[in-house]
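S.K.:
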Amino acid sequence: MSLYDYTFYAFAAITLVSAGIVVFSRNIIYSAFSLLFTFFGVAGLYVLLNADFLAVTQLLIYVGGILILLLFGVMLTNKVVSVDIKTGTLQTVPATILISITAGTLCGIFYVTDWRVVTSLPEMNTTTYKLGEMLMTSYLLPFEIASVVLLVALIGAAIIARKEKVATK
Amino acid sequence: MLTSVTLTHYLIVSGILFSLGIFGVITRRNAILVLMGIELILNSANINFIAFSRYGGMNLDGQAVAIFVIILAAAEAAVALAIVLNIYQRFNTVNVDDISRMKE
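These protein sequence lines map, in sequence, to chains A and B.
Per the working numbering, the first sequence starts with residue 54, numbered consecutively.
Per the working numbering, the second sequence starts with residue 24, numbered consecutively.
Next comes the structure, spelled out in C-alpha cells:
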C-alpha cells in the first residue's frame, strides 16, 4: 500500500459516502451539500488519474456552476421558510432490488473481465497544453458545436425560465 | 482485495456511483433530486472515460471526451432547471408524480 493507494481509497470513500447521502437523505438541502463533496471526491480521483486540467474544470464547472444552479433551484422551488423541505420517495423496495442487481452485475463484470491494460503506465505529465492542442486540431468540430450548444442552451434557459406575464382579462 | 490500485478499482467506484445515481433518479419525487442523480451518473461515466484514458493506452482521447461530457452536463442542467422553475410556477409543485399533464 503506497501513498497513492491510500489517497485513492480516501477519495473513493468520500465520493461514495457522500453520493449515498445525496441519494438517501430525506432533506434536500443535505443532498445538495453532499453533492458538493461528491464532486470534490471525483475531482480528487481525476487528479490521481493524471487528469489535472479536468479536475480543475470539474471544480470550476460542477462545484462553481452546476451546484450553485441546483441550489438556486432548491431555494426557488421549495417553501424553505414555511413548509418543510423534506421530500418523499417512490417505490423504494423494487428500486433497491434493481439497484443491487445492477451494481452487483457491473462490479462482477468489471472484476472478471480481462481489460487490456497497458503494461507500462505513461508517466504523469501536465495535460493542459496537449488537451488545448487536441481541441484545436482533431476535436475542432465537436468543440465548435459545443460552443453553439452552450449558447443555445443559455438562451433557451433564459426564455423558458422567465416569468410569464399574467394575462389580464 | 486491498492491493495496488488498478483500473478495476476505478471501474468499481464508478459502477457503484452509477447505481446510486440510478437509484436517485427512480426513487425521488423531487425533480431537482432527479437532476442530482443524473449528475452522479454523468460523473461516473467521466471516471470511466478518464480511467480508460490512463490505463487503456488511449492517451488523452478519453479526457477530451470527458470535457465534452462536462460541457453537455452544464447545458443540460441549465435547461432542465429552467424547465423545473417553469413547472413550479404553473403547478406549484416539483414532484414528478404529481405532474401528469403538459399544460395546466
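Quick reminder that beta carbons are idealized off the backbone N, C-alpha and C, glycines included.
As the structure is a prediction and not an experimental result, all values here were calculated from the model.
Taking the Cβ atom as the reference point for each residue, do alanine 206(A) and alanine 68(B) lie within a distance shorter than 8 Å?
M.R.: No, these two residues do not count as a Cβ contact at 8 Å.
S.K.: Looking at C-alpha atoms only, which residue of Gly47(B), Gly79(B), Ala89(B) is the closest neighbour of asparagine 66(B)?
M.R.: When each option's Cα is compared against that of asparagine 66(B), the closest is Ala89(B).
S.K.: Name the chain B residues whose beta carbon is nearer than 7 Å to that of asparagine 103(A)?
M.R.: Within chain B, the residues near asparagine 103(A) are Arg77.
S.K.: With DSSP run on the structure shown, which of helix, strand or coil describes asparagine 80(A)?
M.R.: In this structure, asparagine 80(A) counts as strand in the three-state DSSP scheme.
S.K.: Determine which residues share a DSSP beta bridge with arginine 169(A) and list them.
M.R.: None, per the DSSP bridge assignment.
S.K.: What did DSSP end up calling asparagine 69(B) once you bin it into helix, strand or coil?
M.R.: Helix at asparagine 69(B).
S.K.: Do we get a CB-CB distance below 8 Å when we pair arginine 51(B) with the residues of chain A?
M.R.: Chain A, which has a Cβ nearer than 8 Å to the Cβ of arginine 51(B), makes this yes.
S.K.: Hey, leucine 98(A) and tyrosine 78(B) are a contact pair by Cβ (cut 8 Å); roughly how many whole angstroms apart?
M.R.: With a Cβ gap of about 13 Å, leucine 98(A) and tyrosine 78(B) do not count as contacting.
S.K.: What are the partner residues of asparagine 53(B), as DSSP defines its beta bridges?
M.R.: In DSSP, asparagine 53(B) forms a bridge with Asn118(B).
S.K.: List in chain order: all unbroken beta strand (DSSP E) runs of 3+ residues lying wholly within the stretch 153 to 211 of chain A.
M.R.: Within the stretch 153 to 211 of chain A, no complete beta strand (DSSP E) run reaches 3 residues.
S.K.: If you run the structure through DSSP and keep just helix, strand and coil, what is threonine 29(B)?
M.R.: Threonine 29(B): coil per DSSP, three-state reduction.
S.K.: Cβ closer than 9 Å: which chain B residues qualify as neighbours of leucine 107(A)?
M.R.: Within 9 Å Cβ-Cβ: Asn69, Ile73, Gln86, Ala89, Ile90, Ile93.
S.K.: Taking all protein chains shown into account, decide if glutamine 86(B) is buried (16 or more other Cβ within 10 angstroms of its Cβ) or exposed.
M.R.: Glutamine 86(B) comes out buried.
S.K.: Of all the options Gln112(B), Ile110(B), Val107(B), Ile94(B), which has the alpha carbon lying nearest to the alpha carbon of leucine 204(A)?
M.R.: Nearest of Gln112(B), Ile110(B), Val107(B), Ile94(B) to leucine 204(A), Cα basis: Ile94(B).
S.K.: Inspect the beta-carbon positions of alanine 156(A) and serine 42(B) and report whether they are closer than 8 Å.
M.R.: Their beta carbons are under 8 Å apart, which means alanine 156(A) touches serine 42(B) by this criterion.
S.K.: Could you spell out where the alpha helix (DSSP H) holding isoleucine 121(A) opens and where it closes?
M.R.: That run of the alpha helix (DSSP H) goes 120 to 130.
S.K.: Give the range of the alpha helix (DSSP H) segment to which leucine 112(A) is assigned.
M.R.: Looking at the DSSP string, leucine 112(A) is not in any alpha helix (DSSP H), and its letter there is neither H nor E.
S.K.: Do alanine 54(B) and valine 102(B) have their CB atoms nearer than 8 Å?
M.R.: It is not a contact, given that the beta carbons lie outside the stated cut-off.
S.K.: At 9 Å on the CB atoms, spell out the chain B contacts of valine 76(A), in chain order.
M.R.: Leu43, Gly44, Phe46, Gly47, Thr50, Arg51, Leu56, Met59, Gly60, Leu63, listed in chain order.
S.K.: Please report the straight-line C-alpha distance between serine 87(A) and isoleucine 74(A), rounded to a whole angstrom.
M.R.: Distance between the alpha carbons of serine 87(A) and isoleucine 74(A) is about 6 Å.
S.K.: Taking CB distances under 8 Å as the criterion, tell me whether alanine 39(B) reaches chain A.
M.R.: Correcting the residue identity first, residue 39(B) is isoleucine in this sequence and not alanine. With 8 Å as the cut-off, isoleucine 39(B) counts as an interface residue toward chain A.
S.K.: Hey, threonine 29(B) and threonine 142(A): beta-carbon distance below 8 Å or not?
M.R.: Against a cut-off of 8 Å, the Cβ pair of threonine 142(A) and threonine 29(B) comes out as no contact.
S.K.: Under a three-way DSSP split, which group does lysine 222(A) fall into?
M.R.: The pLDDT assigned to lysine 222(A) is 48, lower than 50, so where the model puts this residue is not dependable; a value taken from the coordinates is nonetheless given after this. Looking at lysine 222(A) - three-state DSSP - the assignment turns out to be coil, as it is neither helix nor strand.
S.K.: I'd like to know if isoleucine 35(B) contacts chain A, where contact means its C-beta is closer than 8 Å to some C-beta of that chain.
M.R.: Output row for isoleucine 35(B): interface = yes.
S.K.: If the criterion is Cβ atoms closer than 8 Å, does the pair isoleucine 81(A) and phenylalanine 46(B) meet it?
M.R.: It is not a contact, given that the beta carbons lie outside the stated cut-off.
S.K.: How about the stretch 105 to 113 of chain A and the stretch 176 to 184 of chain A: do they share at least three Cβ pairs that are nearer than 8 Å?
M.R.: With the cut-off at 8 Å, the stretch 105 to 113 of chain A and the stretch 176 to 184 of chain A touch.
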